[in-house]
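Encoded as structure tokens, the structure appears first; notes follow it.
Residue numbers (our numbering), protein chains in the order written: chain A, 188 to 499; chain B, 151 to 424.
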């Protein structure tokens, strides 16, 4: 596979020749579009509707619209609650921390793998594996098999280092989650940056070498600018997915202690499925959607830039 | 040996060592799954021991793992098949019959894949409840097909773009109808691409947890929901069995990912990076 970077688009000539036929075959995309509208947009619209209601499944009568003057009550309640800001901060903190850690590690691994050497395929295969591991299985593995204060591998490591065994999950819950999620997502960033590095034309590198550019100068002035779009794509896509982190928190900390590791998805889960407050959970859902959409819009913007650059 | 070659050796060895370190937790899980419970908690940890299949026998082969894995397999295969069924014709139209709206539709499709699951879980739960889809295979199949559909359209459209249009024109000159065009020209050429797309859909569906844990309880619950119940080591008895179950849950996706390595980047970025 060529490591070029492109959004799939049909060649323009073909586009012209086929459009004129006015064939009914262009409607072959209709079933997929209708299906996606049903599966994604209908629930989306319902979330907005529910957020204006006081529906609670524990009180079956309370299913209705609260009236125009009170329709934003869920929003004012949520915004007036200090817990909301804690949850929002946790969500942003977890996401940004993972993005930073995985960016640094992913870049290092991508640079290390961007040279031919015996065993490179093996190293690559080993490196991508954490990303493929089922998230809840990774959570179980770290929580019970590796970090358990009495039976885990960490207990032995602490003793070798002459320290008292500590249960990291309890002592530093958020940092543990950040560490475990970063371990899983480093390969994601690495793969995208590696594809970027390999799409750097060889003649540019040769020319720079002939001009006597040092390694650091080459990285700063040639590699990094070339990687810019790849870095943006990797980080924005990663952020879109990390905002949704749920399984790790569910298994490792259940959002605790207190609210210390509760992010937006986990808060929505609690509102909806332990307090059965449909209206309030939907209001939190709106905030999750808004937050994600900001990042998605940035991502689409980057794709547009990338396509324009490639068209030049 | 020149200094240069020696430097190379250090870099290569160092890279392999670091890669091994990243992989080590998974290796440790696999090793632990072959230990007896006593050896699994032995202090200091044992690297050499007589491997036993006891945990695999008890936790995987005769335990509930196989049952949950059956649910996961059914949901994964059926939802991927449905996504391909809807997605391949759409990709064909998007690729060969472009209109002014095609780019917009493609980007819109991609954006639905990025909708936060937590933002739509409440209405989905209500809808599933009203339609009697809670804790059914069908419910998750319909939902995951929607989740994988944008992936299928983007990837397959990319593969179709790489095919020479002349092949389709030749088939049409020979009088092939739409069905023949698909079955005898397109599908055979797209074979490897469709295999890669299916493997990627498998990776996402197999590991999915958020929708699964909120929309199923027991009958249709996939393996991820079962694995999530190992929240705590229950006494000193379960670390080895837990490892066996977690390894069994993880292996299909690890293997699928290793096989589909070359298409992984394209799939993960919805074709934005090839």
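Just so you know, even glycine gets a beta-carbon here, dropped at the ideal spot from N, CA and C.
Are the C-beta of residue 262 of chain A and some C-beta of chain B separated by less than 8 Å?
no
Given a threshold of 16 other Cβ atoms within 10 Å of its Cβ, counted over all protein chains shown, does residue 435 of chain A qualify as buried or as exposed?
buried
Can you confirm whether residue 365 of chain B, when its beta carbon is compared against all beta carbons of chain A, has any partner nearer than 8 Å?
no
For the alpha helix (DSSP H) containing residue 488 of chain A, name the first residue and the last one.
465-498
As assigned by DSSP and simplified to three states, the class of residue 156 of chain B
helix
Residue 375 of chain B vs residue 363 of chain B beta-carbon contact at 8 Å
yes
Are the CB atoms of residue 473 of chain A and residue 242 of chain A within a distance shorter than 8 Å?
no
Beta carbon of residue 390 of chain B nearer than 8 Å to that of residue 190 of chain B:
yes
Taking all protein chains shown into account, decide if residue 212 of chain B is buried (16 or more other Cβ within 10 angstroms of its Cβ) or exposed.
exposed
With distances taken Cα to Cα, identify the nearest neighbour of residue 295 of chain A among A:232, A:411 and A:454.
A:411
Please check if any C-beta of chain A sits within less than 8 Å of the C-beta of residue 230 of chain B.
no
8 Å Cβ cutoff, residue 208 of chain B in contact with chain A
no
Three-state secondary structure (DSSP) of residue 331 of chain A:
helix
Under 9 Å by beta carbon: chain B residues contacting residue 351 of chain A
Correct list: empty, because the minimum Cβ distance to chain B is about 15 Å.
Please state whether DSSP places residue 366 of chain B in a helix, a strand or coil.
coil
Please go through the segment 285-348 of chain B and give each complete beta strand (DSSP E) segment of 3 or more residues, from N-terminal end onward.
none
For residue 268 of chain A, name the three-state secondary structure that DSSP assigns.
coil
Where does residue 410 of chain A sit, in a helix, a strand or coil, going by DSSP?
helix
Who are the Cβ neighbours of residue 226 of chain B in its own chain at under 6 Å, not counting the five residues just before and after it?
352, 355 and 356
Chain-ordered neighbours of residue 191 of chain B on chain A, where CB pairs are closer than 7 Å
338
Under three-state DSSP, which class holds residue 240 of chain A?
strand
Expressed to the nearest angstrom, what Euclidean distance is found between the alpha-carbon atoms of residue 387 of chain B and residue 328 of chain A?
At residue 387 of chain B, the pLDDT of 49 sits below 50, so the modelled position is not reliable and the matter cannot be decided from this model.
Among the residues of its own chain, which have a CB less than 8 Å from the CB of residue 414 of chain B, if the five just before and after it don't count?
350 and 407
So, with DSSP's three-state summary, where would you put residue 500 of chain A?
Because chain A here runs from 188 to 499, residue 500 of chain A falls outside it and cannot be looked at.
Hey, is residue 381 of chain B's beta-carbon within less than 8 Å of any beta-carbon in chain A?
yes
Measuring only between beta-carbons, confirm whether residue 389 of chain B sits less than 8 Å from chain A.
yes
For residue 271 of chain B, count the other beta carbons within 10 Å of its own beta carbon; 16 or more makes it buried, fewer makes it exposed. Which is it?
buried
Extent of the continuous alpha helix (DSSP H) to which residue 318 of chain A belongs:
307-319
Name, please, each residue of chain A whose Cβ falls closer than 8 Å to the Cβ of residue 239 of chain B.
215, 216, 218 and 219
Mapping DSSP to helix, strand and coil, what is residue 423 of chain A?
helix
Taking the alpha carbon of residue 184 of chain B as the reference point, which residue from B:411, B:424 and B:393 has its own alpha carbon closest?
B:393
Residues of the segment 322-334 of chain A whose Cβ lies closer than 9 Å to any Cβ of chain C, in chain order:
Within the model displayed, chain C is absent; protein chains A and B are what it includes.
Roughly how many whole angstroms lie between the Cα atoms of residue 462 of chain A and residue 456 of chain A?
9 Å
Is there at least one Cβ from chain A nearer than 8 Å to residue 386 of chain B's Cβ?
Note that residue 386 of chain B has pLDDT 46, beneath the 50 cutoff, so the model's placement of it is unreliable and the number below is only indicative. Answer yes: the Cβ-Cβ gap between residue 386 of chain B and chain A drops below 8 Å somewhere.
Look at residue 429 of chain A and residue 286 of chain A and say whether their C-beta atoms are less than 8 Å apart.
yes
Looking only at its own chain, which residues have a Cβ that is under 7 Å from the Cβ of residue 237 of chain A, when we skip the five neighbours before and after it?
465, 466 and 469
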